[in-house]
Amino acid sequence: VKNYKRTIFSWSIYDFANQPFTTIILTFIYSTFFVDFIALDGESGAIMWGRAVAISSIFIALLSPIMGAIADYGGYRKIFLIFWTWICIIFSYLLYYPQQGDIFYSLLFFCIANIGFEMGGVFLNSYLPSIAPKEKIGRISGYGWSFGYAGGLIALCIAFLLFIQP
Numbered sequence: 003v004k005n006y007k008r009t010i011f012s013w014s015i016y017d018f019a020n021q022p023f024t025t026i027i028l029t030f031i032y033s034t035f036f037v038d039f040i041a042l043d044g045e046s047g048a049i050m051w052g053r054a055v056a057i058s059s060i061f062i063a064l065l066s067p068i069m070g071a072i073a074d075y076g077g078y079r080k081i082f083l084i085f086w087t088w089i090c091i092i093f094s095y096l097l098y099y100p101q102q103g104d105i106f107y108s109l110l111f112f113c114i115a116n117i118g119f120e121m122g123g124v125f126l127n128s129y130l131p132s133i134a135p136k137e138k139i140g141r142i143s144g145y146g147w148s149f150g151y152a153g154g155l156i157a158l159c160i161a162f163l164l165f166i167q168p
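Our numbering puts the first residue of the sequence shown at 3, with every later residue one more than the last.
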């Protein structure tokens, strides 16, 4: 039972760590920063950001079945989870460097980071049936979601305190 709880906690804590990507980059802070600072004007910035989300979503839709098949096969789940997590981390880090007018690199880094984030989720979710009894999958999935929301909210509060000036 102790090892079972540790496994569930470990699986859930991944969501705590990765959810700030969507909270900070996709939704609240970097998207606004891109529109208001990197893009040359707000209207075209919002259009370009929306297109970048759409383009990365198309790649995600095309890659997900392939990655899902690899995840279902099972032998390389951990390697691919680590690989896609590092892709998200590296390209999220690179988002620090684009300056005003560096639209191409900002959107390129974002698209690759977003793909890495979503593909990591494919491999994370593939673990659920092997770590949870069938009758508890919904509850354990909920733990992951709740940990993710907590991580996102904590990251957002930290970002507001450290980076958003009144």
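Note that CB positions come from ideal geometry on N, CA and C, so glycine has one too.
1. Take GLY150 and list the residues in its own chain whose beta-carbon comes closer than 8 angstroms to its own, dropping the five residues that flank it on each side.
2. What did DSSP end up calling ALA19 once you bin it into helix, strand or coil?
3. Look at the alpha carbon of GLU137 and the alpha carbon of SER58, and state the distance between them as a whole number of angstroms.
4. Short of 6 angstroms in beta carbon distance, which residues of its chain neighbour ILE10, apart from the five on each side in sequence? Order them along the chain.
5. Provide the residue span of the alpha helix (DSSP H) that contains ILE126, from first to last.
6. Can we say the stretch 111-128 touches the stretch 70-89, given the rule of at least three CB pairs closer than 8 angstroms?
7. Buried or exposed for THR25, going by 16 or more other Cβ atoms inside 10 Å?
Let me lay it out:
1. ASP17, PHE18, ASN20 and GLN21
2. helix
3. 34 angstroms
4. ILE142
5. In the sequence under discussion, the amino acid at residue 126 is Leu, which differs from the Ile named in the question. Run containing LEU126: 105-128, per the alpha helix (DSSP H) assignment.
6. yes
7. buried
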